[in-house]
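Residue numbers (our numbering), protein chains in the order written: chain L, 3 to 300; chain A, 3 to 300.
Some notes on the structure that comes next.
2 protein chains.
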Amino acid sequence: MHVFGGIEAGGTKFVCGIGTGPEDLEITQFPTTSPEETIRRTVAFFRVQTNRLQAVGIGSFGPVDLHRSSPTYGYITSTPKLEWRNFDIVGEVRRALDVPVGFDTDVNAAALAETRWGAAKGLSDSLYLTVGTGIGGGAIVQGRVLHGMLHPEMGHIRVPHDLARDPYPGCCPYHGDCLEGLASGPAMEARWGAKSEDLPADHAAWALEAHYLALALATWVCTLSPKRVLLGGGVMQQTRLFELTRKELARLLNGYISTTEITDGLDRFVSPPLLGQRAGVLGALALAEQAAGEGRRS
Amino acid sequence: MHVFGGIEAGGTKFVCGIGTGPEDLEITQFPTTSPEETIRRTVAFFRVQTNRLQAVGIGSFGPVDLHRSSPTYGYITSTPKLEWRNFDIVGEVRRALDVPVGFDTDVNAAALAETRWGAAKGLSDSLYLTVGTGIGGGAIVQGRVLHGMLHPEMGHIRVPHDLARDPYPGCCPYHGDCLEGLASGPAMEARWGAKSEDLPADHAAWALEAHYLALALATWVCTLSPKRVLLGGGVMQQTRLFELTRKELARLLNGYISTTEITDGLDRFVSPPLLGQRAGVLGALALAEQAAGEGRRS
Chain L
3 MHVFGGIEAG GTKFVCGIGT GPEDLEITQF PTTSPEETIR RTVAFFRVQT
53 NRLQAVGIGS FGPVDLHRSS PTYGYITSTP KLEWRNFDIV GEVRRALDVP
103 VGFDTDVNAA ALAETRWGAA KGLSDSLYLT VGTGIGGGAI VQGRVLHGML
153 HPEMGHIRVP HDLARDPYPG CCPYHGDCLE GLASGPAMEA RWGAKSEDLP
203 ADHAAWALEA HYLALALATW VCTLSPKRVL LGGGVMQQTR LFELTRKELA
253 RLLNGYISTT EITDGLDRFV SPPLLGQRAG VLGALALAEQ AAGEGRRS
Chain A
3 MHVFGGIEAG GTKFVCGIGT GPEDLEITQF PTTSPEETIR RTVAFFRVQT
53 NRLQAVGIGS FGPVDLHRSS PTYGYITSTP KLEWRNFDIV GEVRRALDVP
103 VGFDTDVNAA ALAETRWGAA KGLSDSLYLT VGTGIGGGAI VQGRVLHGML
153 HPEMGHIRVP HDLARDPYPG CCPYHGDCLE GLASGPAMEA RWGAKSEDLP
203 ADHAAWALEA HYLALALATW VCTLSPKRVL LGGGVMQQTR LFELTRKELA
253 RLLNGYISTT EITDGLDRFV SPPLLGQRAG VLGALALAEQ AAGEGRRS
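Dropping the structure here:
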């Protein structure tokens with residue numbers, strides 16, 4: 003029987019998995035060191051299974067080059083991690099394992115995993131957002147990961163900033179008070195003087211955080227028209243934030259979008275992801291599935 | 003030889019076209035009166051060609067039901083035009099002409115036309131925006147019109163509103179100062195006391211308008227990652243607005259999105275549409291092409 007390989011290539015750790023899905027997945031993980039050592043350990047893990055391995059997927063930290071016609075497709079590009087800069091991660095893995103290799107960003111891979119096996123299963127259009135050290139989003143449109151010119155950089159959308167209510171100027175080095183600058187974990191810590199996990203559930207921080215997230219969700223509902231929005235990441239561990247965000251989203255939309263998903267199903271429309279810590283490696287596995295399918299077609 | 007039919011179903015006029023594309027298109031138009039009379043005139047136009055007619059497309063004023071599995075698919079739904087409310091426009095046309103019928107919103111049809119024959123030709127991902135009485139957008143993602151849960155309502159995204167610079171509260175009955183509330187033609191007229199077409203090119207209105215449009219474009223670049231953005235509609239007839247909007251977009255993105263489209267090609271990245279007044283009927287023609295293709299497959 004054939005199996006797939008998934009590589010969640012993170013800046014601090016690599017998670018490798020082999021199997022066919024959440025019920026059949028063997029995982030290993032190790033710290034991200036030099037590219038040579040890290041890829042050597044990765045390849046060694048998969049080589050044991052190499053005669054059953056049909057394809058491998060990689061969900062990678064970035065920035066990465068996703069343009070298939072580009073000479074640097076499959077590279078990690080201008081990362082501050084110097085050893086990994088301009089590293090051909092897809093090429094190295096493909097040469098070592100000699101199977102088709104799927105490739106995408108870490109957040110796009112997680113979005114795909116939630117669509118394939120998780121909280122957006124069976125939905126043609128959904129949005130996966132992670133709110134933590136940064137804010138990142140992956141969109142599934144008609145069953146496929148949205149890429150376009152580059153890939154989304156959803157954390158950097160502009161949202162209204164009420165300076166009277168919130169004088170904190172924002173922490174994005176590029177944009178100041180973009181969404182990530184106002185609502186990421188570091189923004190919360192800088193504004194309130196405590197990490198988000200240490201802020202009590204009744205702290206004023208959460209209503210403000212829900213306001214910013216709901217402003218962003220309202221914009222995405224009007225742009226991408228997802229059938230469900232999944233909110234994950236460290237900041238969302240404060241589960242009260244879900245209810246606050248749903249209420250604020252309904253207030254902001256103000257009855258304008260009158261689909262049943264919004265009017266009758268807001269508890270499901272804004273949900274936590276289901277796959278937890280395994281979303282990344284499962285997303286990489288789903289990329290491998292897609293790569294195997296493309297291999298068959300071509 | 004086969005031909006296609008396109009129906010631009012507008013709230014004030016219907017434009018019907020028959021042919022195969024911009025170089026081969028016979029057009030007629032008439033005012034939108036009662037559904038019975040309007041559809042009768044529409045059908046009469048196409049019936050002359052009925053033995054060559056392969057399919058018809060409709061790009062319609064709305065709101066419309068685009069869900070293929072819905073019992074009211076192909077209906078104009080809760081329009082304020084009472085005679086047209088809950089009118090089965092797709093069913094009426096299909097029964098009269100007995101050909102496959104494609105169906106979408108007017109702005110999605112125009113977006114499709116620009117991708118098929120116009121200023122976004124050959125691009126897999128693009129955004130078409132019309133800035134006039136309202137603000138509407140259609141997104142092309144991987145060659146297909148984005149729909150999702152409903153369809154985009156891009157005019158209603160939230161953008162930062164600097165009340166010190168612009169105390170005008172916005173004119174959207176649902177959201178006040180959403181994009182449409184701040185940057186549509188009626189918003190310009192209410193703020194400045196003159197219609198946009200009567201404001202001189204050096205009026206302060208244009209820098210503010212460019213600021214709002216660029217805020218929205220920055221958000222869409224970070225969300226949809228289009229390869230080109232087309233700006234049409236009455237307000238964009240002030241052509242100076244293109245250069246102001248491009249400069250403001252570059253300032254807002256601040257080097258964060260460093261694709262060649264943005265860094266070297268902003269003049270093309272933000273462009274006017276090419277098909278002008280014919281975008282709607284040509285988009286309907288493109289919907290007919292797609293419907294014919296689906297008919298062949300099914």
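Ideal Cβ placement from N, Cα and C applies to all residues, glycine included.
If I follow the unbroken beta strand (DSSP E) through residue i, where does it start and stop?
i: residue 130 of chain A; result: 128-133
i: residue 108 of chain A; result: Counting along the chain, residue 108 of chain A falls outside any beta strand (DSSP E), though it belongs to the alpha helix (DSSP H) covering 108-119.
i: residue 47 of chain A; result: Careful: residue 47 of chain A lies outside any beta strand (DSSP E), inside the alpha helix (DSSP H) at 37-49.
i: residue 59 of chain A; result: 55-62
i: residue 180 of chain L; result: No beta strand (DSSP E) contains residue 180 of chain L, which DSSP labels as neither H nor E.
i: residue 232 of chain L; result: 231-234
i: residue 10 of chain A; result: 5-11
i: residue 28 of chain A; result: 26-33
i: residue 16 of chain L; result: 15-23
i: residue 139 of chain A; result: 137-143
Chain L partners of residue i, CB-CB under 7 Å?
i: residue 225 of chain A; result: 154, 156, 159, 222, 225 and 226
i: residue 127 of chain A; result: 150 and 151
i: residue 199 of chain A; result: The premise fails here: residue 199 of chain A is roughly 27 Å from chain L at the closest Cβ pair, so nothing lies under 7 Å.
i: residue 107 of chain A; result: Those within 7 Å of residue 107 of chain A in chain L number zero; the least Cβ separation is about 12 Å.
i: residue 163 of chain A; result: 162
Could you list which residues in chain A have their beta carbon closer than 9 Å to that of residue i, in chain order?
i: residue 177 of chain L; result: 220, 254, 255, 256 and 258
i: residue 4 of chain L; result: In chain order: nothing, as chain A lies at least about 27 Å away.
Please list, in chain order, all residues of the same chain as residue i whose beta carbon is under 8 Å from its beta carbon, the five residues on each side excluded.
i: residue 180 of chain L; result: 157, 158, 159, 160, 161, 172 and 174
i: residue 295 of chain L; result: none
i: residue 214 of chain A; result: 161, 181, 184 and 185
Since residue i meets chain L, which of its residues come closer than 8 Å, beta carbon to beta carbon?
i: residue 217 of chain A; result: 160
Leaving out the 5 sequence neighbours to the left and right, which residues in its chain are closer than 6 Å to residue i when beta-carbon positions are compared?
i: residue 198 of chain L; result: 187, 190 and 237
i: residue 278 of chain A; result: none
i: residue 121 of chain A; result: 232, 273, 275 and 276
i: residue 81 of chain A; result: 87
Which first and last residues belong to the alpha helix (DSSP H) in which residue i is found?
i: residue 188 of chain A; result: 187-194
i: residue 249 of chain L; result: 242-255
i: residue 93 of chain A; result: 91-99
i: residue 264 of chain L; result: 262-265
i: residue 208 of chain A; result: 206-225
i: residue 269 of chain A; result: 268-271
Rounded to whole angstroms, what is the Cα-Cα separation between residue i and residue j?
i: residue 101 of chain A; j: residue 56 of chain A; result: 6 Å
i: residue 210 of chain A; j: residue 169 of chain A; result: 12 Å
i: residue 10 of chain L; j: residue 239 of chain L; result: 22 Å
i: residue 208 of chain A; j: residue 202 of chain A; result: 9 Å
i: residue 84 of chain L; j: residue 251 of chain L; result: 41 Å
i: residue 152 of chain L; j: residue 63 of chain L; result: 15 Å
i: residue 285 of chain L; j: residue 133 of chain L; result: 18 Å
i: residue 283 of chain L; j: residue 245 of chain L; result: 29 Å
i: residue 20 of chain L; j: residue 113 of chain L; result: 19 Å
i: residue 166 of chain L; j: residue 257 of chain L; result: 27 Å
i: residue 61 of chain L; j: residue 125 of chain L; result: 21 Å
i: residue 43 of chain A; j: residue 105 of chain A; result: 19 Å
i: residue 16 of chain L; j: residue 91 of chain L; result: 13 Å
i: residue 300 of chain L; j: residue 148 of chain L; result: Its pLDDT being 41, under 50, residue 300 of chain L is placed unreliably by the model, and the measurement read from it follows with that caveat. If I take the Cα positions, the gap works out to 22 Å.
i: residue 98 of chain A; j: residue 116 of chain A; result: 29 Å
i: residue 7 of chain A; j: residue 111 of chain A; result: 13 Å
Just to make sure I have the definition right: I need the residues of chain A whose C-beta is within less than 8 Å of the C-beta of residue i. Which are they?
i: residue 229 of chain L; result: 150 and 151
Only counting the same chain, and skipping five residues up and downstream in sequence, which positions put a Cβ closer than 7 Å to that of residue i?
i: residue 264 of chain L; result: 255 and 271
i: residue 177 of chain L; result: 158 and 183
i: residue 138 of chain A; result: 109, 132, 156 and 157
i: residue 164 of chain A; result: none
i: residue 94 of chain L; result: 41
i: residue 242 of chain L; result: 203 and 208
i: residue 119 of chain L; result: 23, 24, 277 and 284
> Can you list, in chain order, the residues of the segment 139-154 of chain A whose Cβ is nearer than 9 Å to any Cβ on chain L?
Replying inline: 139, 141, 143, 144, 146, 148, 149, 150, 151, 152, 153 and 154
>> By the 8 Å beta-carbon criterion, what residues does the segment 31-45 of chain L contribute toward chain A?
In response: none
> Can you list, in chain order, the residues of the segment 66-97 of chain L whose Cβ is nearer than 7 Å to any Cβ on chain A?
Replying inline: none
> Relative to chain A, which residues along the segment 261-287 of chain L have a C-beta separation below 7 Å, given in chain order?
Replying inline: 261 and 263
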